[in-house]
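Novice: Quick note on the numbering used here: the sequence shown kicks off at -16 and runs consecutively.
The C-beta atom is built at its ideal place from N, Cα and C for all residues, glycine as well.
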Amino acid sequence: MAKRGGFSGGMPGNMNNLMKQAQKMQRQMEETTKELETKEYTATAGGGAVSVTVSGKKEVTAVKLTEEVVDPDDIEMLEDLIVAATNEAFRQMEEESSAAMSKLTGGLGGMGGGFPF
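1. Which residues in the same chain have their Cβ closer than 7 Å to the Cβ of V33, if we skip the five residues on either side of it in sequence?
2. Starting from the Cα of E20, find the closest Cα among V46, N(-1) and G39 and give me that residue.
3. Mind checking whether L87 and M12 have CB atoms under 8 Å apart?
4. So which of E42, Q6 and M60 has the shortest CA-CA distance to A72?
5. Sorted by chain position, which residues of the same chain lie with C-beta nearer than 6 Å to Y24's C-beta, five sequence neighbours on each side aside?
6. How is the alpha helix (DSSP H) around V66 delimited, first residue to last?
7. Quick check on DSSP: helix, strand or coil for E21?
8. Take G30 as the anchor and find which of L61, D57 and Q9 has the nearest alpha-carbon.
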């Protein structure tokens, strides 16, 4: 009669190996996150009239404007250009971050809920 319950055969070794792989993936993700946080992403709008730089920490680090874009009679256009450049810089940052994490996890993050590591 076969024994029921507990681990069979090589299961503890497989579980141990799985835990080691998970820990390795966690370390790699932490290293990648730190590396991404040090990067900067710059985007422009209005043909280069507005330039916005954001960090991998999701902070705006610089805004540059050409003199020609500063029109006191058209503040709304300047505001729109700043928003457009900022959103594009954040999009670039998110795209690179997602690609780097997907490379590490092999797309596991798309399984819903993600993993805590």
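Specialist: On the basis of the coordinates in this document:
1. T27, L48, V52, L64, I65 and A68
2. The residue with the shortest Cα to Cα distance from E20 is G39.
3. yes
4. Residue nearest to A72 within the set E42, Q6 and M60 is E42 (criterion: CA-CA distance).
5. Cβ contact annotation for Y24 (same chain, cutoff 6 Å, sequence separation greater than five): V37, A72, Q75 and M76, in chain order.
6. I58 to T88
7. It is worth fixing the name first, because residue 21 is Thr in this sequence and not Glu. Coil, per DSSP.
8. L61
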